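This report refers to the structure that appears directly beneath it.
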Amino acid sequence: MGEKTIFDFFQSKKLNYSIILLVFFLFMGFYLRFYHVDYPVIGYHNWKSAHYLTEARNFADEGFFKAGFFVPLRDTMNQINEQPNGAHADTFPLDPIIIGFLFKFFGPSLKLARFVEILFSMGSILAFYLLIKELFNREILALMCAFLAAINPLFVFFTHNIQVVNSALFFMILGSYFYAKWLKNIKKSKLLVFAALFIAISAMTKYTFVVILLPILFSFPYKKIFKNPQKYYSVFVIVLLVASIFPAWFLYSEKIIKPKLVGHLIDQGQTKYELSSLIDFSIIADKQFWLTMKSYVADNFTLRGMSFAIFGLAVFLAFFWKNLDKEGYKFMMGYFVGSIMFLFVMGFKLSGHNYHQFPIAPFILFMIAFLVEFISENINQFVKDKTLHVIVFFTIAILFAGLLWGPSKDSRDRMYNTQFPGLDIAGNYINIHKEDTDRVMHSSGQSFGFLWNANMPGYKGPGKLENLQKAETEFNVNWLFVYQWGIQNYLQDPIILEHIKQNYRLVQFGYRLNDNQAVPIFFVFRKGGTFDDQKINDLLAGKPIHKTQYWFTSGPYEIYHVDIE
1 MGEKTIFDFF QSKKLNYSII LLVFFLFMGF YLRFYHVDYP VIGYHNWKSA
51 HYLTEARNFA DEGFFKAGFF VPLRDTMNQI NEQPNGAHAD TFPLDPIIIG
101 FLFKFFGPSL KLARFVEILF SMGSILAFYL LIKELFNREI LALMCAFLAA
151 INPLFVFFTH NIQVVNSALF FMILGSYFYA KWLKNIKKSK LLVFAALFIA
201 ISAMTKYTFV VILLPILFSF PYKKIFKNPQ KYYSVFVIVL LVASIFPAWF
251 LYSEKIIKPK LVGHLIDQGQ TKYELSSLID FSIIADKQFW LTMKSYVADN
301 FTLRGMSFAI FGLAVFLAFF WKNLDKEGYK FMMGYFVGSI MFLFVMGFKL
351 SGHNYHQFPI APFILFMIAF LVEFISENIN QFVKDKTLHV IVFFTIAILF
401 AGLLWGPSKD SRDRMYNTQF PGLDIAGNYI NIHKEDTDRV MHSSGQSFGF
451 LWNANMPGYK GPGKLENLQK AETEFNVNWL FVYQWGIQNY LQDPIILEHI
501 KQNYRLVQFG YRLNDNQAVP IFFVFRKGGT FDDQKINDLL AGKPIHKTQY
551 WFTSGPYEIY HVDIE
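Going by the working numbering, the first residue of the sequence shown is number 1, and it counts up by one from there.
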């Protein structure tokens with residue numbers, strides 16, 4: 001797959017076309033990621049956004065060490081037997097720490113938080129370009145990878161969310177880049193130290209990113225090292241010490257913080273991990289698993305893009321056997337093996353949320369880029385005039401870009417248009433009218449996002465009446481937020497409904513119009529008073545109707561609400 005003519009074109013002394021294209025891809029990536037930068041926390045996977053946003057806000061308000069060394073405090077509690085202040089064991093909260101630090105000086109801001117995620121994602125595009133260029137010394141392959149990372153639906157959408165996968169991806173790729181540079185000059189030990197540091201930061205921020213160790217193990221220069229191992233002892237001691245921050249954090253979080261915070265639950269096995277429970281081959285044989293994976297792949301890479309990646313992998317495997325001595329090929333073969341192992345080990349997680357594919361996404365994008373380069377190079381073999389090779393490459397690249405752009409946009413739109421309107425309305429209402437010690441119980445799932453606006457700790461639905469009563473008496477739950485799917489849990493459960501009718505009053509009601517008929521979206525109840533579900537219209541009569549506009553990618557839509565008090 002030689003590329004002299006094309007490479008010379010990109011490295012023109014008069015004008016560095018590769019830099020121009022790279023900058024263009026970065027601007028395009030930034031433009032795509034800036035969409036809805038100030039949109040409320042009502043979208044796809046808003047639960048995770050609220051989780052990390054409230055951690056950041058609590059770091060800013062309470063300090064970084066109130067519950068221990070960078071132990072995060074969240075408002076998105078799952079159950080009432082958790083720590084009342086939201087302290088919990090978790091992966092290293094890198095994003096909440098950075099965002100919390102900014103909140104401390106500039107105040108809580110969604111724009112500010114999302115800008116941090118955008119910067120991490122932009123850094124990943126640049127680092128991906130540098131990594132592939134370092135591994136393969138092929139400019140067009142590196143540029144194609146940068147382009148694909150810029151438009152990839154998974155990377156674009158999840159910069160809109162506040163999640164640690166963005167920073168973990170950046171540090172994983174950056175660490176791999178320094179490792180690739182070290183492979184070419186193993187005498188520069190500081191490169192390996194930087195690689196160990198950044199990969200350890202990535203892994204401790206999101207444990208699943210340890211998958212990058214497989215490419216490193218496959219491409220490690222064992223022969224060079226074992227020729228004179230004594231020469232590298234001191235270097236590897238330093239590397240191991242630096243890398244130990246990952247297992248150190250894991251042990252600190254799992255063996256010290258978790259038992260301390262949820263010691264009363266240890267007997268139930270909630271603080272232990274069994275490797276055998278992670279590896280479940282039966283999941284791969286489950287038809288529903290693959291149907292779910294197809295849906296997630298369509299969102300993350302598009303089905304067309306995944307088809308290209310599979311063809312690219314086939315081409316790569318054919319070339320691998322001819323390039324066994326090249327670090328780039330060994331690295332990507334390790335990534336392939338790591339991705340297969342990832343599928344088995346993470347099967348139970350992969351079937352839950354599409355963002356769990358983040359650690360292996362660069363591998364899939366690389367295989368698409370590899371196919372594009374392969375096709376253009378093979379067509380050029382039949383083009384005698386070498387001055388036309390650049391035109392051939394651009395024609396193929398633009399063709400593939402066109403084939404991927406439409407499905408990628410459709411995928412991004414699907415994720416952006418998965419919205420849960422009204423979360424911000426109810427959250428703002430509670431925030432204005434709450435007492436300092438109040439807490440709320442809500443409908444769980446994608447209603448967690450309203451806690452960002454409510455600025456108070458909350459628990460997901462009670463399940464049983466005794467759980468709600470305990471939450472009221474022991475944790476001062478004085479509010480109920482009943483959203484869509486929660487209606488059946490609160491208002492259609494006769495036991496819980498009777499409790500609400502005797503102890504709560506309706507203070508806000510949200511709805512949408514369907515053929516001029518009001519379709520309920522949410523109810524906000526406050527403790528004290530009574531509620532008659534047969535007289536809702538009487539409560540609403542004469543009250544001002546407020547309209548809030550939201551936006552799909554196709555245009556605006558409205559939600560209505562009434563403040564009863």
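Every residue, glycine too, gets a C-beta built ideally from N, C-alpha and C.
What you are looking at is a predicted structure, and each value in this text was computed from that prediction instead of being measured.
Can you give the Cα-Cα distance for residue 57 and residue 103, rounded to whole angstroms? Counting from one through the sequence shown, the residue named residue 57 turns up at place 57. Counting from one through the sequence shown, the residue named residue 103 turns up at place 103. Going from the Cα of residue 57 to the Cα of residue 103 covers about 7 Å.
Contact between the stretch 140-159 and the stretch 354-363 is defined here as three or more beta-carbon pairs at a separation below 8 Å; is this criterion met? Between the stretch 140-159 and the stretch 354-363 there are three or more C-beta pairs closer than 8 Å, enough to call the two in contact.
Inter-residue Cα distance where the pair is residue 557 and residue 549: Translated into the one-based positions of the sequence shown, residue 557 becomes position 557. Translated into the one-based positions of the sequence shown, residue 549 becomes position 549. Distance between the alpha carbons of residue 557 and residue 549: 6 Å.
Are the stretch 481-497 and the stretch 512-527 in contact at 8 Å, needing three or more beta carbon pairs? They touch, by the three-pair rule.
Can the beta-carbon of residue 560 be found closer than 8 Å to that of residue 508? Locating residue 560 in the sequence shown gives position 560, where the first residue counts as 1. Locating residue 508 in the sequence shown gives position 508, where the first residue counts as 1. No, Cβ-Cβ distance for residue 560 and residue 508 is not below 8 Å.
Whole-number beta carbon distance between residue 329 and residue 363, since they are thought to touch under 8 Å: Taking the sequence shown and counting its residues from 1, the one referred to as residue 363 is at position 363. Taking the sequence shown and counting its residues from 1, the one referred to as residue 329 is at position 329. That pair is no contact at about 13 Å.
Who are the near neighbours of residue 99 in its chain, counting only those whose CB is closer than 6 Å to its CB and skipping five residues on each side? Locating residue 99 in the sequence shown gives position 99, where the first residue counts as 1. Here the set comprises 56, 113, 116.
How big is the Cα-Cα spacing for residue 149 and residue 175? Walking along the sequence shown from the start, residue 149 turns up at place 149. Walking along the sequence shown from the start, residue 175 turns up at place 175. Those two C-alpha atoms are separated by around 17 Å.
Between which two residues does the alpha helix (DSSP H) carrying residue 354 extend? As a working note, residue 354 is residue 354 in the sequence shown. Residue 354 -> no alpha helix (DSSP H), and no H or E assigned at all.
For residue 562, which residues does DSSP report across the bridge? Reading the sequence shown from its first residue, position 562 is the one you call residue 562. Paired residue(s): 509, 545.
Closer than 6 Å by C-beta to residue 201: which residues in its own chain qualify, once you throw out the five before and the five after it? Chain order, please. In the sequence shown, residue 201 corresponds to position 201, counting from 1. So the list reads 171, once near-sequence residues are dropped.
Does the beta-carbon of residue 555 have 16 or more other beta-carbons within 10 angstroms, so that it is buried, or is it exposed? As a working mapping, residue 555 is identified with position 555 in the sequence shown. Exposed, because fewer than 16 other Cβ atoms sit within 10 Å of the Cβ of residue 555.
Quick check: the Cα distance between residue 124 and residue 140, rounded to an integer number of angstroms? The residue labelled residue 124 in the question sits at position 124 within the sequence shown. The residue labelled residue 140 in the question sits at position 140 within the sequence shown. So the alpha carbons of these two residues sit roughly 18 Å apart.
State yes or no: is the C-beta of residue 253 within less than 8 Å of the C-beta of residue 89? Translated into the one-based positions of the sequence shown, residue 253 becomes position 253. Translated into the one-based positions of the sequence shown, residue 89 becomes position 89. For residue 253 and residue 89, yes; Cβs fall inside 8 Å.
Does the distance from the CB of residue 191 to the CB of residue 178 come in under 8 Å? Along the sequence shown, one-based indexing puts residue 191 at 191. Along the sequence shown, one-based indexing puts residue 178 at 178. Yes, the pair counts as a contact, with Cβ atoms nearer than the cut-off.
What separation, rounded to the nearest whole angstrom, lies between the Cα atoms of residue 488 and residue 443? To locate residue 488, count along the sequence shown from 1; it is residue 488. To locate residue 443, count along the sequence shown from 1; it is residue 443. Their backbone Cα atoms lie some 10 Å apart in a straight line.
Reduced DSSP category for residue 67 - H, G, I as helix; E, B as strand; rest coil: By 1-based counting over the sequence shown, the position of residue 67 is 67. Correct three-state label for residue 67: coil.
Beta-carbon contacts of residue 392 that lie in its chain and below 7 Å, excluding the five residues immediately before and after: Taking the sequence shown and counting its residues from 1, one reaches residue 392 at position 392. The answer, listed in chain order, is 376, 379, 380, 383.
Taking the alpha carbon of residue 164 as the reference point, which residue from 519, 119, 197 has its own alpha carbon closest? Stepping through the sequence shown from its first residue, residue 164 is reached at position 164. Of the candidates 519, 119, 197, the one whose C-alpha sits nearest the C-alpha of residue 164 is 119.
Tell me the start and end of each unbroken alpha helix (DSSP H) in the stretch 179-250 that is at least 4 residues and wholly inside, in chain order. Every unbroken stretch of the alpha helix (DSSP H) spanning 4 or more residues and falling wholly within the stretch 179-250 is given here in chain order: 189-205, 213-219, 222-227, 233-243.
What do you reckon, are the CB atoms on residue 463 and residue 486 nearer than 8 Å? On the sequence shown, position 463 is the one that residue 463 refers to. On the sequence shown, position 486 is the one that residue 486 refers to. Taking 8 Å as the Cβ cut-off, residue 463 and residue 486 do not qualify as a contacting pair.
Give the single residue among 468, 445, 434 whose Cα lies nearest to the Cα of residue 454. As a working mapping, residue 454 is identified with position 454 in the sequence shown. For the residues 468, 445, 434, the minimum Cα distance to residue 454 belongs to 434.
Does the beta-carbon distance from residue 452 to residue 53 come in below 8 Å? Here the question's residue 452 lines up with position 452 in the sequence shown. Here the question's residue 53 lines up with position 53 in the sequence shown. For the pair residue 452 and residue 53, the CB atoms are nearer than the 8 Å cut-off.
Beta-carbon contacts of residue 133 that lie in its chain and below 7 Å, excluding the five residues immediately before and after: Translated into positions along the sequence shown, residue 133 becomes position 133. Only 139, 142 meet the Cβ criterion.
Counting along the chain, where does the beta strand (DSSP E) carrying residue 479 start and finish? Locating residue 479 in the sequence shown gives position 479, where the first residue counts as 1. According to the DSSP assignment, residue 479 belongs to the beta strand (DSSP E) that extends over 477-483.
DSSP beta-bridge partners for residue 441? Locating residue 441 in the sequence shown gives position 441, where the first residue counts as 1. Paired residues: 459, 480.
What alpha helix (DSSP H) runs, 4 residues minimum, are completely inside the stretch 138-163? 139-151, 153-157
On the DSSP letters alone, give me the boundaries of the alpha helix (DSSP H) that residue 114 sits inside. As a position in the sequence shown, residue 114 is number 114, starting the count at 1. Unbroken alpha helix (DSSP H) run through residue 114: 110-136.
Please name the residue, chosen from 136, 308, 186, 23, that lies closest to residue 401 on a Cα-to-Cα basis. As a first step, residue 401 is located in the sequence shown; it is residue number 401 there, counting from the start. Ranking the options by Cα distance to residue 401, first place goes to 308.
Can you tell me whether residue 373 is buried or exposed, with buried defined as 16 or more other CB within 10 angstroms of its CB? Position 373 of the sequence shown, counted from the start, is the residue given in the question as residue 373. Residue 373 comes out buried.
DSSP state of residue 20, grouped into three classes? Residue 20 sits at position 20 when you count from the first residue of the sequence shown. Reduced to three states, the DSSP call for residue 20 is helix.
Mind reading off the beta-carbon distance from residue 204 to residue 92? Whole number of angstroms is fine, and I expect it under 8 Å. The residue labelled residue 204 in the question sits at position 204 within the sequence shown. The residue labelled residue 92 in the question sits at position 92 within the sequence shown. Their Cβ separation, rounded to whole angstroms, is 4 Å, which keeps residue 204 and residue 92 in contact under 8 Å.
Report the rounded CA-to-CA distance for residue 491 versus residue 520, giving the unit in angstroms. The residue given as residue 491 occupies position 491 in the sequence shown. The residue given as residue 520 occupies position 520 in the sequence shown. Their backbone Cα atoms lie some 12 Å apart in a straight line.
If I'm right that residue 302 touches residue 408 with Cβ under 8 Å, what's the distance once you round it to whole angstroms? In the sequence shown, counting from the first residue as 1, residue 302 sits at position 302. In the sequence shown, counting from the first residue as 1, residue 408 sits at position 408. Contact holds; Cβ gap of about 6 Å.
Hey, could you find the ends of the beta strand (DSSP E) residue 464 is sitting in? Here the question's residue 464 lines up with position 464 in the sequence shown. From DSSP, residue 464 is part of no beta strand (DSSP E); its letter is neither H nor E.
Start and end residues, beta strand (DSSP E) containing residue 521: The count along the sequence shown starts at 1 and reaches residue 521 at position 521. Unbroken beta strand (DSSP E) run through residue 521: 517-527.
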